[in-house]
Amino acid sequence: MAQESVENFLGRLITDDDFRELAKNSLTKACYEYGYTLTAAEQKILQSIDFDSFIYLSNSIDRGIKRHGGNI
Numbered sequence: 020m021a022q023e024s025v026e027n028f029l030g031r032l033i034t035d036d037d038f039r040e041l042a043k044n045s046l047t048k049a050c051y052e053y054g055y056t057l058t059a060a061e062q063k064i065l066q067s068i069d070f071d072s073f074i075y076l077s078n079s080i081d082r083g084i085k086r087h088g089g090n091i
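Using our numbering, you'd call the opening residue of the sequence shown number 20 and step up by one each time.
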């Protein structure tokens, strides 16, 4: 796995509500629209994630580090 890409992807799931919703509905589209280059194997692994668990985590962090309209 390209560790940095996966870490950036996971971080964005936590901090960006719009991205998380898009990724939940279409991981491939989210990667394309946001410029994440992930292998098919990485995408398969990430598709098995419970995206709803990221909502809980997102709600527990300070809004100051969350993205608003694509910006932090």
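Built from N, CA and C at the ideal position, the CB exists for glycine as well.
Remember, predicted model here, so these are calculated numbers, not experimental data.
In the three-state DSSP reduction, R86 falls in the coil class, being neither helix nor strand.
Following the DSSP letters along the chain, one finds A42 inside the alpha helix (DSSP H) bounded by residues D36 to N44. Shown here for Q66: same chain residues with a beta carbon closer than 8 Å to its own, the five before and five after excluded, namely L46 in chain order. Membership of D71 in the alpha helix (DSSP H) is indicated by the continuous run F70 to N78. For L29, the number of other beta carbons within 10 angstroms of its own is below 16, and it is reported as exposed.
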